[in-house]
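When we follow the working numbering, the leftmost residue of the sequence shown carries the number 267, and every step to the right adds one.
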Amino acid sequence: MASNRKQQILETLAKMLENPKREKITTAALAAKLDVSEAALYRHFASKAQMFEGLIEFIETSIFGVINKITTDEKDGAKQVQLIVNMLLKFAEKNPGMTRVLIGDALVNEEEHLQTRINQLYDRLEASLKQSLKIAVAGSGKKIMPEAQANLFICYVIGRWHQYTKSGFKRNPTNLAQQQLSLLN
């Protein structure tokens, strides 16, 4: 039951982050939404930062689970990159509240280590893209710089996430993505 309640708290927090008005989320507001006391929240999480860590863990598990599947199933490095970038854009579209966490918007005024963790997630994503691009170069003989190209792709994804969030979740990150990605290749 305790893990079920933890999951419910995290899902409610993520749902609250979908509010396009970007109001600061307090534990009091979260508790009210769940119809429990703030003390009940703290039985499951030591702090609000720990709640955000739970969301970040969900994001990491989800995203890197799919990346591992892509890199295992698809041997073509260029296709891996395309699939990874598309997955990252679709993840944001399906999880607007999580996108606010990914861009750090929901972490403003929270503990600094949370943003550090998101930055590390970006680094891991970029490393995954770079590895796929190295495979693409080896397979095609194209003269590209995997480090520069991977950075360009991650900047593109983060930019699309920002645009989606700042538009109040109206400008979907997948709109025009195929045409734009063909320009980046």
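Every residue, glycine too, gets a C-beta built ideally from N, C-alpha and C.
With 16 other Cβ atoms within 10 Å as the buried cut-off, status of residue i
i: Met267; result: Note on Met267: pLDDT 48, under 50, position unreliable in the model; no value is reported.
i: Gln348; result: buried
i: Asn361; result: buried
i: Ala393; result: exposed
i: Leu307; result: buried
i: Ala358; result: buried
i: Ala294; result: exposed
Residue i to residue j span [Cα, whole Å]
i: Ala344; j: Ala414; result: 15 Å
i: Ser448; j: Val351; result: 12 Å
i: Gln397; j: Ala372; result: 30 Å
i: Met282; j: Ile384; result: 20 Å
i: Ile410; j: Gly363; result: 35 Å
i: Leu395; j: Gln273; result: 31 Å
i: Ile401; j: Phe311; result: 42 Å
i: Gln316; j: Ser433; result: 28 Å
i: Phe435; j: Lys287; result: 10 Å
i: Pro439; j: Asn451; result: 18 Å
i: Leu300; j: Val332; result: 31 Å
i: Ala443; j: Ala305; result: 44 Å
i: Pro412; j: Leu399; result: 5 Å
Top-ranked residue by Cα proximity to residue i, from the options
i: Ala247; options: Asn270, Ile325, Asp339, Ser433; result: Nothing can be reported for residue 247, as the shown portion of the chain is limited to 267 through 451.
i: Leu391; options: Gln446, Leu283, Pro439, Gln346; result: Gln346
i: Lys314; options: Asp301, Cys421, Glu376, His428; result: Glu376
i: Val367; options: Ser303, Gln381, Arg426; result: Gln381
i: Thr278; options: Ala297, Phe419, Lys287; result: Ala297
i: Val423; options: Phe330, Thr327, Gln446; result: Gln446
i: Gly370; options: Ala393, Lys290, Ala416, Asn270; result: Lys290
i: Glu309; options: Ser269, Lys335, Leu399, Ile333; result: Residue identity differs from the one stated: residue 309 is Arg in this sequence, not Glu. Cα-wise, what sits closest to Arg309 is Ser269.
i: Ser303; options: Ile275, Glu359, His379, Glu323; result: Ile275
i: Phe318; options: Ala416, Phe330, Ala306, Glu378; result: Glu378
Distance CB(residue i)-CB(residue j) smaller than 8 Å
i: Asp342; j: Gly405; result: yes
i: Thr292; j: Thr365; result: no
i: Arg426; j: Leu355; result: yes
Near the ligand MN: residue i beta-carbon under 7 Å from a heavy atom
i: Asn451; result: Of ligands this structure carries none, so the ligand MN is not represented either.
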